[in-house]
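Residues 7 to 105 (my numbering) are what the sequence shown spells out, left to right. Working notes, structure below.
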Amino acid sequence: MKRISPERKAATLAKLLPPYNMTVSAVAQMEGISEATLYNWRSQAKAEGKPVPGADKNSEQWPAQARLAVIIETATLSETDIAAYCRKKGLYPEQITQW
């Protein structure tokens, strides 16, 4: 079993967060690690209090960087695409407009 540095773990987990918002399976395939390993790292990071996707944070509590990433990602989308994006991210289109 190979050892992976804490820096690489952090960089890999960062791909799950805004502005990247990649899926676990996509990151696992890209990094050449198993999905189970990535889920384990995510659980460990969550236990340490680090930000991870699915940390049950209300979108109103998102940091400014995450909000800006959403605004940029949705800037060129149609209303239909924004609605689909919002369903995927657990947002309301009105929140994006408000930000």
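Each residue gets a CB set at the ideal place from its N, CA and C atoms; glycine is no exception. Note that the coordinates shown come from a computational prediction; the quantities given were computed from them, not determined experimentally.
Secondary structure of Asn27 (DSSP, three-state): coil. Taking a contact as a CB-CB distance under 8 angstroms, the pair Leu19 and Val30 does not count as one, their CB atoms being some 10 angstroms apart. Annotation for Ser49: the continuous alpha helix (DSSP H) segment containing it runs 41-53. Pro99 is the residue among Pro99, Glu66, Glu54, Ser40 whose C-alpha sits nearest the C-alpha of Glu85. DSSP places Ala81 outside both helix and strand once states are collapsed to three, so it counts as coil. Selection Thr103, Lys94, Ala51 evaluated against Leu74 yields Thr103 as nearest (Cα-Cα). Nearest neighbour of Ala17 by Cα position, chosen from Arg9, Lys8, Val33, turns out to be Val33. No residue range can be given for Lys8, since it is assigned to no alpha helix (DSSP H) and is classified by DSSP as neither H nor E. In summary, Pro12 is exposed, with fewer than 16 beta-carbon neighbours lying within 10 Å of its beta-carbon over all protein chains present. For Pro99, the enclosing alpha helix (DSSP H) begins and ends at 99-104.
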